[in-house]
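J.: Protein chains in written order, with our numbering: chain V, 1 to 111; chain S, 112 to 225.
1) Should residue 218 (chain S) be flagged as near chain V, meaning a C-beta pair shorter than 8 angstroms?
2) Check whether chain V comes within 8 angstroms of residue 132 (chain S), counting only Cβ atoms and requiring the distance to be less than that.
3) Please check if any C-beta of chain V sits within less than 8 angstroms of the C-beta of residue 154 (chain S).
4) DSSP state of residue 83 (chain V), grouped into three classes?
5) Please report the distance separating the alpha-carbon of residue 154 (chain S) from that of residue 147 (chain S).
6) What do you get for residue 139 (chain S), buried or exposed, if any count of 16 or more other CB atoms within 10 angstroms of its CB means buried?
7) Give me the chain S residues within the contact set of residue 111 (chain V), using Cβ-Cβ distance strictly less than 9 angstroms, ordered along the chain.
8) Tell me the rounded alpha-carbon separation between residue 177 (chain S) and residue 51 (chain V).
9) Figure out for me which residue from V:10, V:23 and V:4 has the closest Cα to the Cα of residue 74 (chain V).
10) With a floor of 3 residues, list each beta strand (DSSP E) that falls wholly inside the region 5-71 of chain V, ordered by position along the chain.
11) Within 10 angstroms of its Cβ, does residue 225 (chain S) collect 16 or more other Cβ (buried), or is it exposed?
12) Smallest Cα separation from residue 100 (chain V): which of V:18, V:60, V:21 and V:34?
13) Does residue 140 (chain S) come out as helix, strand or coil in the three-state DSSP assignment?
14) Please say whether residue 214 (chain S) and residue 198 (chain S) have beta carbons closer to each other than 8 angstroms?
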């Protein structure tokens with residue numbers, strides 16, 4: 001079945017450093033979504049990318065969808081302690097009626 | 112205030128007991144989902160429903176049951192047949208059952224079975 005992997009599993013950065021998480025799907029995706037889950041909290045939708053090669057920015061966060069629509073990345077510039085949490089990507093299954101969530105990348109930030 | 116509510120936040124049960132987790136949404140969403148999350152892990156789909164009175168098994172449905180009698184409600188029962196029920200359970204909803212729509216998550220229920 002479809003697999004969505006994320007790397008790294010965990011990253012610990014100094015506040016102010018940049019951070020990137022990569023998402024790779026075993027199948028071509030029609031779109032990709034990104035979610036953030038704070039420690040002890042629930043996932044919250046961040047953004048959806050639809051077009052091949054699409055790049056979207058939200059303040060310090062930059063999201064990219066690969067040309068082949070099989071991979072995506074989330075880059076955070078100058079991390080802050082508020083960025084702490086686990087970032088998940090999610091892609092639709094071939095049936096189109098549900099999502100497959102990635103394995104997640106947990107970000108820790110040293111103040 | 113629109114959103115998804117799950118209750119209770121923490122739930123403790125003895126092994127061998129069935130337990131029902133509540134999920135209610137007032138977003139007028141058609142689709143609802145139940146996920147299980149284990150410590151340090153991703154989200155695994157238990158059951159989902161695209162419309163009232165209809166639901167489908169997800170990837171790990173064994174030992175669980177659901178109902179969808181009302182659009183707003185999608186309760187999950189963890190039965191005694193579930194071998195490892197201790198986990199964080201998340202309910203979500205989306206406008207439509209097609210995957211182009213974002214999912215809204217409830218605050219979750221942490222179930223501990225001893």
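Note that CB positions come from ideal geometry on N, CA and C, so glycine has one too.
T.: Short version:
1) Against the second chain, residue 218 (chain S) aligns to sequence position 107. Answer yes: the Cβ-Cβ gap between residue 218 (chain S) and chain V drops below 8 angstroms somewhere.
2) Numbered from 1 along the second chain, position 21 holds the residue referred to as residue 132 (chain S). No, no contact with chain V.
3) Taking the first residue of the second chain as position 1, residue 154 (chain S) is located at position 43. It does; some Cβ of chain V falls within 8 angstroms.
4) Position 83 of the first chain, counted from the first residue, corresponds to residue 83 (chain V). Note: residue 83 (chain V) maps to helix in three-state DSSP.
5) Counted from its first residue, the second chain places residue 154 (chain S) at position 43. Counted from its first residue, the second chain places residue 147 (chain S) at position 36. Spanning the two alpha carbons is a distance of roughly 6 angstroms.
6) If you number the second chain from 1, residue 139 (chain S) lands on position 28. So residue 139 (chain S) ends up on the exposed side.
7) Counting from 1 along the first chain, the entry for residue 111 (chain V) is found at position 111. Result: empty, since nearest Cβ-Cβ is about 23 angstroms, beyond 9 angstroms.
8) Taking the second chain and counting its residues from 1, one reaches residue 177 (chain S) at position 66. Taking the first chain and counting its residues from 1, one reaches residue 51 (chain V) at position 51. Using only the alpha carbons, I get a separation of about 36 angstroms.
9) One-based indexing of the first chain puts residue 74 (chain V) at position 74. The shortest Cα separation from residue 74 (chain V) among V:10, V:23 and V:4 belongs to V:23.
10) 10-14, 19-25, 32-37, 43-49, 55-58 and 61-65
11) Locating residue 225 (chain S) in the second chain gives position 114, counting from the first residue. Exposed: under 16 other Cβ atoms inside 10 Å.
12) In the first chain, the residue the question calls residue 100 (chain V) occupies position 100. For residue 100 (chain V), the nearest C-alpha among the options comes from V:34.
13) Along the second chain, one-based indexing puts residue 140 (chain S) at 29. Correct three-state label for residue 140 (chain S): coil.
14) If you number the second chain from 1, residue 198 (chain S) lands on position 87. If you number the second chain from 1, residue 214 (chain S) lands on position 103. Result no, Cβ atoms of residue 198 (chain S) and residue 214 (chain S) do not sit closer than 8 angstroms.
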